[in-house]
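**Q** Before anything else, here's the structure in question.
Residue numbers (the working numbering): 27 to 597.
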């Protein structure tokens, strides 16, 4: 068998309809011939309930009968991108790659911008199989895709996800020990070698748990360089409700907890890099829009710092919200629908702290979650956001939230929710980003823990605090306040009035958005913003306008690139 082990993430494989008696395999991100062989066998056998190695990989094989099979690791959040093209003799060709841009550039035929994707993206929704390009499609991570003929739509079989995960059954000490063991084993595999260790860090539970797992498995000779975002010191930010604008000081407590093994560095946007510029740079790399331009600034800065110290990957804990610290508020309705009164009783008695009474436990864990959806039906922040950015009434539908049921939680856990962002595409980064919470073994473990088991102690996100006991410093582990990120965006853009007003006028000239989004209200609001002042408008207004303008700029830039490529191809 001819096998190519391609560790760069800009490779596109082409499969022709011309049959060859030899099998051909491509592995992206494979580490050595043995691992490449394991992944090839995984594709050929398509085993049920068997997970391949957990790291960022994608693989494709063409069997001798012409059938093509491909898949991508759950840790490769972007999945695989494919397109049907034709050679000079008009014979179909299948293009496969890990970056939509590489697939687009490899196509001989024209590629057009997918306007419906642009609109869905703005609304915070997406179809897992769509991309910003009509002729380029996506295979989500954790799915086998099989093309029985080169010019066909692939058949899909899930190997990691809601359809394959077993019913939840793990409880008690066994569940806790199994989770910690699998998580630590995942970290141990990811840090093999001697490259410097780098990780994103906040003052929250998820990224702190990742950093502590790294610190426990390393030595002062190879410390964890943890980078935490901090707002500009002149932004004049203050706490709002239960939210703090700056997590960096509490994150520094990790150094004291792991002396010599954790080095925390603040990342501050001293140069006032503009969110619109950061979003466009990321879009040029990934060929995908940026969902949170303000966050893109410090995410890029952290990735650059990690690359500068020689790290081979950057650790993240983004999927910890689902796989580690979700509150599982759907548990009461889940058991009620199944008539499992015994489990409802367990929910009430699952108290890890004597300060919470049985009455408080019943009210908090059973009655509260059951009536919460009814109370919040007309206070949906997603609907408020859509109204603010001027999405038409016909598109203001309420999507299923993670709290509405077990199935929705599992889909969120498998990374099916949310807009596909540049952060999920390898070419969108300066170096690979590894989130241990996306490892298939960790996902399967999180899915196997019974819903009530996550409801521990008097605090929200109690199970994460239990898992972190003895690992994460108590100042962080028991902290109930939340940390804000990129709250200094207004300070960064406060002197950019003309640019923002000009960009708003260009939205109507942006493919997919022109004539669809009504920006009149945003135009009025932006004109009335206290430009030049330290104190600005509401954060949601800044987020909404930044997201809209960066998406519109992406649509204009990409449409122009596609037209230029088509013109060059014809010439």
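Beta carbons: idealized from backbone N, C-alpha and C, even for Gly.
Could you tell me the alpha carbon to alpha carbon distance between residue 103 and residue 231, rounded to whole angstroms?
**A** Distance between the alpha carbons of residue 103 and residue 231: 21 Å.
**Q** Threshold first: 3 residues or longer. Then list the beta strand (DSSP E) segments lying entirely within the stretch 237 to 276, N to C.
**A** Runs of the beta strand (DSSP E) inside the stretch 237 to 276: 250 to 255.
**Q** Counting only runs that start and end within the stretch 539 to 584, where is the alpha helix (DSSP H) found for 4 or more residues in a row?
**A** DSSP runs (the alpha helix (DSSP H)) wholly in the stretch 539 to 584: 546 to 554.
**Q** In three-state DSSP terms, what is residue 186?
**A** Three-state DSSP puts residue 186 in coil, outside helix and strand.
**Q** Check whether the Cβ atoms of residue 114 and residue 98 sit closer than 9 Å, and answer yes or no.
**A** Taking 9 Å as the Cβ cut-off, residue 114 and residue 98 do not qualify as a contacting pair.
**Q** Quick one: is residue 521 buried, meaning 16 or more other Cβ sit within 10 Å of its Cβ, or exposed?
**A** Exposed: under 16 other Cβ atoms inside 10 Å.
**Q** Given residue 237, which residues of its chain have a CB within under 7 Å of its CB, disregarding the five upstream and five downstream residues?
**A** Within the same chain, residue 237 has close Cβ partners 225, 227, 250, 252, 280 and 288.
**Q** What does DSSP give as the partner residues of residue 373 in its beta bridges?
**A** Paired residues: none, contrary to the question.
**Q** Grouping DSSP H, G and I as helix and E and B as strand, with all else coil, what is residue 107?
**A** Strand at residue 107.
**Q** In the DSSP assignment, find the beta strand (DSSP E) that holds residue 74 and state where it starts and stops.
**A** Note, residue 74: premise wrong, no beta strand (DSSP E); not H, not E.
**Q** In three-state terms, what does DSSP make of residue 226?
**A** Residue 226: strand per DSSP, three-state reduction.
**Q** I'd like to confirm the pairing. Which residues does DSSP put opposite residue 173 in its beta bridges?
**A** In DSSP, residue 173 forms a bridge with 94.
**Q** Can you tell me the Cα-Cα spacing of residue 599 and residue 309, whole angstroms?
**A** Nothing about residue 599 can be reported from this structure: the residues present for the chain run from 27 to 597 only.
**Q** Could you check which residue in 582, 586, 514 and 524 has the C-alpha nearest to that of residue 563?
**A** Among 582, 586, 514 and 524, the Cα nearest to that of residue 563 is on 514.
**Q** Buried or exposed for residue 584, going by 16 or more other Cβ atoms inside 10 Å?
**A** The residue is buried, with at least 16 neighbouring Cβ atoms inside 10 Å.
**Q** What residue ranges within the stretch 324 to 379 form continuous alpha helix (DSSP H) runs of no fewer than 4 residues, ordered along the chain?
**A** The stretch 324 to 379 contains these whole alpha helix (DSSP H) runs: 346 to 349, 357 to 363 and 367 to 375.
**Q** Starting from residue 533, follow its DSSP beta bridges and name the residues at the other end.
**A** Answer is none; residue 533 lacks a bridge partner.
**Q** Output needed for residue 471: all residues of its chain with C-beta closer than 7 Å, excluding positions within five of it in sequence on either side, in chain order.
**A** Counting only Cβ-Cβ distances below 7 Å, and skipping sequence neighbours, we find 204, 205 and 208.
**Q** Please return the same chain residues whose Cβ sits closer than 8 Å to the Cβ of residue 248, not counting the five positions on each side in sequence.
**A** Same-chain partners within the cutoff: 220, 222 and 223.
**Q** What would DSSP say about residue 54, mapped onto helix, strand or coil?
**A** In the structure shown, residue 54 sits in a strand (DSSP, three-state: E or B).
**Q** Got a sec, what are the start and stop residues for the alpha helix (DSSP H) residue 125 sits in?
**A** Run containing residue 125: none; DSSP gives neither H nor E here.
**Q** Are the CB atoms of residue 465 and residue 100 within a distance shorter than 9 Å?
**A** It is a contact, given that the beta carbons lie within the stated cut-off.
**Q** Could you check what DSSP says for residue 119 in three-state terms: helix, strand or coil?
**A** Note: residue 119 maps to strand in three-state DSSP.
**Q** Looking at the unbroken alpha helix (DSSP H) that takes in residue 474, where does it start and where does it end?
**A** Per DSSP, residue 474 belongs to the alpha helix (DSSP H) from 466 to 474.
**Q** So what does DSSP say about residue 63, is it helix, strand or coil?
**A** The answer is helix: DSSP assigns residue 63 an H, G or I state.
**Q** Tell me whether residue 450 sits in a helix, a strand or coil according to DSSP, three-state version.
**A** Reduced to three states, the DSSP call for residue 450 is helix.
**Q** When the Cα of residue 551 is compared with those of 537, 244 and 570, which residue comes out closest?
**A** Selected option, being the one with the closest Cα: 570.
**Q** Is residue 488 helix, strand or coil when you go by DSSP?
**A** In the structure shown, residue 488 sits in a helix (DSSP, three-state: H, G or I).
**Q** Would you mind reading off the limits of the beta strand (DSSP E) that contains residue 149?
**A** Premise fails: residue 149 is in no beta strand (DSSP E) and is neither H nor E.
**Q** Excluding the 5 residues flanking residue 431 on each side, which residues of the same chain have their C-beta closer than 6 Å to its C-beta?
**A** Excluding residues within five positions, the ones whose Cβ falls inside 6 Å are 356.
**Q** If you check the beta carbons only, do residue 11 and residue 319 fall under 9 Å apart?
**A** Examination of residue 11 is not possible in this model, given that the chain is present from 27 through 597 alone.
**Q** In this structure, does DSSP put residue 291 in helix, strand or coil?
**A** Three-state DSSP puts residue 291 in a strand.
**Q** State the DSSP-derived secondary structure class of residue 592, mapped to helix, strand or coil.
**A** DSSP places residue 592 in helix when its eight states are reduced to three.
**Q** Would you report the Cα separation of residue 546 and residue 590, rounded to the nearest angstrom?
**A** Distance between the alpha carbons of residue 546 and residue 590 is about 32 Å.
**Q** Beta carbon of residue 268, beta carbon of residue 487: below 9 Å?
**A** No, these two residues do not count as a Cβ contact at 9 Å.
**Q** Going by C-alpha to C-alpha distance, which of 149, 202 and 134 sits closest to residue 495?
**A** Closest option to residue 495, Cα to Cα, is 202.
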